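> With the UniProt record's numbering, letter number 26 in the sequence shown gets 26, and the count goes up by one each step, no holes.
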Amino acid sequence: MFGPRIPSVPASAVPDDTYLLDVREDDEWTAGHAPGAHHLPMMELPARIAEVPTDRDVAVICRSGGRSAQVVAYLMRNGWEQVRNVDGGMGDWAAAGRPVVTDDGQPGRVV
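#1: What distance in whole Å lies between the Cβ atoms of V58 and V83, which are believed to be in contact at a cut-off of 8 Å?
#2: Using the rule of at least 16 other Cβ atoms within 10 Å of the residue's Cβ for burial, across every protein chain shown, is V60 buried or exposed?
#3: Look at the alpha carbon of V52 and the alpha carbon of M43, and state the distance between them as a whole number of angstroms.
#4: Looking only at its chain, what residues have a beta carbon closer than 6 Å to the beta carbon of Q33, apart from the 5 residues adjacent to it on each side?
#5: Relative to the alpha-carbon of V72, which residue among I49, G36, W93 has its alpha-carbon at the smallest distance?
#6: Looking only at its chain, what residues have a beta carbon closer than 6 Å to the beta carbon of residue 114, apart from the 5 residues adjacent to it on each side?
#7: May I have the straight-line CA-CA distance separating W80 from A94, to the nearest angstrom?
#8: Suppose the cutoff is 7 Å on Cβ atoms and the five residues either side in sequence are ignored; what does the same chain contact list for I6 look like?
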């Protein structure tokens, strides 16, 4: 009724070898992100879509899961098959005890 179901994965269950695509804004990323995540703000995705791999699992994350769900739907409409939304976003990521880091070595936080 509302379109295709968005495949998802709990933040606590994202495998370490998954391509983690963080679609938050620059200030959110700077405050803290998952180690090894790839930063691509949601609004830049159409121009940079070729940076997202098509040959491996991709998990998309934002702060709470709303923007990332939109990105997953967009990628699916454009041919991606191995893509999932991270339920609860970075909030659930941090709550699950998964690491949050910064590029300057300061303690990471979710904003």
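Backbone N, C-alpha and C define an ideal beta-carbon position, used for all residues, glycine too. Note that the structure is predicted; figures quoted are calculated from it, not measured.
Quick look at the numbers:
#1: Indeed they touch by this definition, with Cβ atoms about 5 Å apart.
#2: When all chains shown are included, V60 counts as buried.
#3: Going by the C-alpha atoms only, they are around 14 Å apart.
#4: According to the sequence displayed, residue 33 carries His and not Gln. Around H33: D22.
#5: Looking only at I49, G36, W93, the smallest Cα-Cα distance to V72 is reached by I49.
#6: The requested residue 114 is not part of the displayed model; the chain covers only 1 to 111.
#7: If you draw a straight line from the Cα of W80 to the Cα of A94, it is about 27 Å long.
#8: In chain order, A69, V72, A73, N85 place their CB closer than 7 Å to the CB of I6, counting only its own chain and leaving out the 5 sequence neighbours on each side.
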